[in-house]
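Peer 1:
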Amino acid sequence: MSELRVQIVDYGLGNLFSIRQACLQSGITAEISQTAAGLGEVDGIILPGVGAFGHAMETLRSQGLIEPLIEAVRSGKPLLGICLGMQLLMDASEEFGLHQGLGLIPGVVRRLPERRADGALLRVPAVGWNRIFLNPDRADTHMDCGFRDGQWVYFVHSFAAVPERSAEILTLTDYESIRYCSAVRRGHVTGVQFHPERSAAGGLAFFRHWATSLQKQI
Amino acid sequence: MSMVRVIARLDIKGANLVKGIRLEGLRVLGDPDTFARYYYESGADELIYQDAVASLYGRNSLCEMISRTSREIFIPLTVGGGLRSIEDIRQALAAGADKVSLNTAVIAAPQLIREASRRFGSSTIVVAIEAGRQADGSWLAFTDNGREHTGVDAVQWAIRAEELGAGEILATSIDREGTGEGFDTDLCARIAAAVKIPVIAHGGAGKAEHVADTARRTGVSAVAVSSLLHYEAIRTLRPRESVGSEGNREFLQSGRGVSHVQPCTVQELKRRLLDGGVQCRLEDAV
Chain R
0 MSELRVQIVD YGLGNLFSIR QACLQSGITA EISQTAAGLG EVDGIILPGV
50 GAFGHAMETL RSQGLIEPLI EAVRSGKPLL GICLGMQLLM DASEEFGLHQ
100 GLGLIPGVVR RLPERRADGA LLRVPAVGWN RIFLNPDRAD THMDCGFRDG
150 QWVYFVHSFA AVPERSAEIL TLTDYESIRY CSAVRRGHVT GVQFHPERSA
200 AGGLAFFRHW ATSLQKQI
Chain U
0 MSMVRVIARL DIKGANLVKG IRLEGLRVLG DPDTFARYYY ESGADELIYQ
50 DAVASLYGRN SLCEMISRTS REIFIPLTVG GGLRSIEDIR QALAAGADKV
100 SLNTAVIAAP QLIREASRRF GSSTIVVAIE AGRQADGSWL AFTDNGREHT
150 GVDAVQWAIR AEELGAGEIL ATSIDREGTG EGFDTDLCAR IAAAVKIPVI
200 AHGGAGKAEH VADTARRTGV SAVAVSSLLH YEAIRTLRPR ESVGSEGNRE
250 FLQSGRGVSH VQPCTVQELK RRLLDGGVQC RLEDAV
């Protein structure tokens, strides 16, 4: 196996250190970079993120990263969005006004409701471990996406992506009685709402699986 | 009922894991890295590192400890103790922490919560409230490990912290901390009902039932436990020595057990929670 190299996009948000360590544990050498230089040479790109959607898009724009990211994906470069990074893949977000996203996966980002169907209060942000279930509408088996059905992963979020095409939903999660999309894939663009780098052994297994998919691309 | 997180809390003094009673009389228990690894492997949902004497010693050693830990431990890490500025927070996060816990600094300057949550995201900012029960049944917030009285009402302070952008509240009962007498469930329930953000109960868990009871009755989203897990870990890990020669090592050297807690592993604790109708993440040990 040749050495796998990915670039973690640093726009000032997210625990890049943990993502880098999780990559290392999974046989991936990850460089952290604030610029678009090098996006063409790596085997894959990781778009992390914690915080506000609008601010993140502004920062990506001011660092001159939006066009190069879209171009890299167009040229076939695998991209993994984590947490806010997954939400940025969508067309737009309703977080504090409407903000345009990268538009790599059709759909929008919406706030988790404050109340359940029965009227009980939902704690938002949703912080903690929850389970992901494979989308029954999708033909993939777990072998294809790197997750086990019912696997536990760690979430921290107030918003969630709503992909337009249900076939692009990889996994679903129930927070209290609210069901939302917890992972999405369109071709070589993957997004996970949870933090695989903070999801113990199962999270590392997902990175290893992603690494295998990068290997196939080379 | 929601999912409850079990957080192993490690109080650190210098290079050692310590444990006190009511945040004082700190006993050295051993090398924190070994305990952290053990808790990760036995299924803890998160870790909290609290520098017990941050104001007295340098903080660089804690940052080094965090960097070491986050290289091999892939669950969320919260770091607290002596963080006083945006730059302190930035350094802790850069060292590999996922969240920081703030107490003394934000009581003195509440706007730091707003500034920090805007800069790093609300979910990164945990406000720690050290609450001391008063004769009239209310609770006042303290700082510096329960030593400094602030005159601020603990429940009102939790509401204010949420308004300013805190992502979670870590509610410590000074009266119960380290005693093994059980959480202050009234305090937990009052704070959990006053805010919408997640509340972590801390201070007093002496047996698994205390945790289950608090999770069932108070609306907290997580529990932070230390004695309960540490005294079991000591039996399993058998740390013979502490790091360096600082601190009170008499307990460790004596090989004595403890009578004020009924220690258990993370897995045992979670099984008891599930048996008691509390949802939590339980996986096979690594």
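So the protein lines, in turn, are chains R and U. At the far end of the first sequence sits residue 217, using numbering that gives the first Met the number 0, and the numbering has no gaps. At the far end of the second sequence sits residue 285, using numbering that gives the first Met the number 0, and the numbering has no gaps. For glycine and all other residues, C-beta sits at the position ideal for the given N, C-alpha and C.
#1: Taking 8 Å as the CB-CB limit, is Ala36(R) close to chain U?
#2: Would Gln20(R) pass as an interface residue toward chain U - the criterion being a Cβ-Cβ separation below 8 Å?
#3: Count the other CB atoms, across all protein chains shown, that sit within 10 Å of the CB of Asp205(R); report buried if there are 16 or more and exposed otherwise.
#4: Looking at the C-beta of Ala209(R), does it have a partner C-beta in chain U at a distance below 8 Å?
#5: Nearest-angstrom Cα distance between Leu3(R) and Ser25(R)?
#6: Would Ile196(U) count as contacting chain R if we go by Cβ distances under 8 Å?
#7: Please report the Cβ distance between Ala193(U) and Gly218(U), rounded to the nearest whole angstrom; I am assuming they are in contact, meaning their Cβ atoms lie under 8 Å.
#8: Please compile the residues from chain U whose C-beta is within a distance smaller than 9 Å of the C-beta of Leu196(R).
#9: Output yes if chain U places a C-beta closer than 8 Å to the C-beta of Ser176(R); else output no.
#10: Check whether the region 198-216 of chain R touches the region 208-216 of chain U, counting contact only when three or more Cβ pairs, one atom from each stretch, lie closer than 8 Å.
#11: Buried or exposed for Pro105(R), please, with buried defined as at least 16 other CB atoms from any protein chain shown within 10 angstroms of its CB.
#12: Tell me which residues of the region 118-146 of chain R have at least one Cβ-Cβ distance to chain U shorter than 8 Å, keeping chain order.
#13: Evaluate His201(U) with the Cβ neighbour count: other Cβ atoms within 10 Å of its Cβ, from every protein chain shown; 16 or more gives buried, anything less gives exposed.
#14: Applying the 10 Å Cβ sphere with the 16-neighbour rule, what's the burial state of Lys76(R)?
#15: Along chain U, which residues have their Cβ under 7 Å away from the Cβ of Ser25(R)?
#16: Please identify the residue among Tyr10(R), Ser165(R) and Ile27(R) whose C-alpha is closest to the C-alpha of Glu240(R).
#17: Can you give me, in chain order, the residues of the region 85-103 of chain R that have a beta carbon less than 9 Å from any beta carbon in chain C?
#18: Within 8 Å of any Cβ in chain R, is that where the Cβ of Leu46(U) sits?
#19: Taking Cβ-Cβ distances below 7 Å as the criterion, which residues of the region 95-113 of chain U are in contact with chain R?
#20: Using a cut-off of 9 Å between C-beta atoms, extract the partners of Gly289(U) located in chain R.
Peer 2: Taking the definition as stated:
#1: Using beta-carbon distances, Ala36(R) does not count as an interface residue toward chain U, since no partner is under 8 Å.
#2: Output row for Gln20(R): interface = yes.
#3: Checking the sequence shown, residue 205(R) turns out to be Phe, not Asp. Label assigned to Phe205(R): buried.
#4: Ala is not the amino acid found at residue 209(R); the sequence shown has Trp there. So no, Trp209(R) is outside the interface.
#5: Each residue's Cα considered, the two are about 10 Å apart.
#6: Interface residue, yes.
#7: Between Ala193(U) and Gly218(U), the beta carbon gap of about 10 Å keeps them out of contact (Cβ cut-off 8 Å).
#8: It is Glu, not Leu, that sits at residue 196(R) in the sequence shown. Correct list: Phe73.
#9: Ser176(R) does not count as touching chain U.
#10: No, because fewer than three Cβ pairs between the region 198-216 of chain R and the region 208-216 of chain U fall closer than 8 Å, the two stretches do not touch.
#11: So Pro105(R) counts as exposed.
#12: Those would be Leu120, Arg122, Val123, Pro124, Val126, Gly127, Trp128 and Asn129, in chain order.
#13: The residue in question, His201(U), is buried, as its Cβ has 16 or more Cβ neighbours within 10 Å.
#14: Residue burial is scored here from C-beta neighbours: Lys76(R) has at least 16 other C-beta atoms within 10 angstroms and is therefore classed as buried.
#15: Simply none; closest approach about 10 Å.
#16: The shown model of chain R, from 0 to 217, leaves out residue 240(R), and the question about it has no answer.
#17: Absent from the structure: chain C. Protein chains present are R and U.
#18: Not one chain R Cβ lies under 8 Å of Leu46(U).
#19: So the list reads Gly95 and Asp97, given in the order they occur along the chain.
#20: The structure shown has nothing for residue 289(U), since chain U only spans 0 to 285.
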